[in-house]
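Structure record follows, encoded as structure tokens.
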Ligand code: 5GP
Ligand code: ZN
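In this note's numbering, the protein residues as written are 69 to 182.
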């Protein structure tokens, strides 16, 4: 999608610090990290938010989770644990409308509900 900042990151029109990439998935460091590890995992296909996924996307969404765990292991945060978060729309605090999952860790995180 033309004006989507994450689509521009996928096309390398905007630089990012990529930690994983394959045909369907990109993972890169969040520009404003809230913990020592803060990675965003996105599908390369533009999906605006998680309410837009269909059963056709089930494998892709599963692979994003498998990839998140691989990255957590690579970065050494799998033993202490981490948070994998999707913010959906206004009440969920979503700011970028290209589906993404936050992988956050490297410190003890606070209580979840905000
Ligand atoms: P949301 O609030 O939509 O769940 O999260 C959007 C995330 O994208 C935020 O944590 C924000 O810091 C991050 N972000 C926004 N613009 C950019 C960017 O241009 N590059 C990178 N790496 N992260 C971004
Ligand atoms: Zn997009």
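We put the CB at the ideal spot given by N, CA and C, even for glycine. Owing to the predicted nature of the structure, the values given are computational and were not obtained by experimental measurement.
Tell whether a beta-carbon distance below 7 Å holds between residue i and residue j.
| i | j | result |
| --- | --- | --- |
| residue 72 | residue 117 | no |
| residue 105 | residue 145 | yes |
| residue 86 | residue 96 | yes |
| residue 128 | residue 169 | no |
Given this structure, state the Cα-to-Cα distance separating residue i from residue j, to the nearest angstrom.
| i | j | result |
| --- | --- | --- |
| residue 179 | residue 173 | 14 Å |
| residue 159 | residue 99 | 22 Å |
| residue 93 | residue 167 | 11 Å |
| residue 175 | residue 111 | 26 Å |
| residue 83 | residue 123 | 32 Å |
| residue 70 | residue 77 | 11 Å |
| residue 162 | residue 119 | 12 Å |
| residue 137 | residue 148 | 13 Å |
| residue 90 | residue 103 | 25 Å |
| residue 101 | residue 79 | 22 Å |
Which residues in the same chain have their Cβ closer than 7 Å to the Cβ of residue i, if we skip the five residues on either side of it in sequence?
| i | result |
| --- | --- |
| residue 164 | 73, 74 |
| residue 139 | 87, 88, 95, 107, 171 |
Examine ligand 1 and report whether any of its heavy atoms sits within less than 6 Å of the Cβ of residue i.
| i | result |
| --- | --- |
| residue 124 | no |
Ignore the nearest five residues each way along the sequence and tell me which others in residue i's own chain have a CB closer than 6 Å to its CB.
| i | result |
| --- | --- |
| residue 151 | 172, 177 |
Please return the same chain residues whose Cβ sits closer than 8 Å to the Cβ of residue i, not counting the five positions on each side in sequence.
| i | result |
| --- | --- |
| residue 115 | 121, 125, 166, 167 |
Is any heavy atom in ligand 2 found nearer than 6 Å to the beta carbon of residue i?
| i | result |
| --- | --- |
| residue 69 | yes |
| residue 72 | yes |
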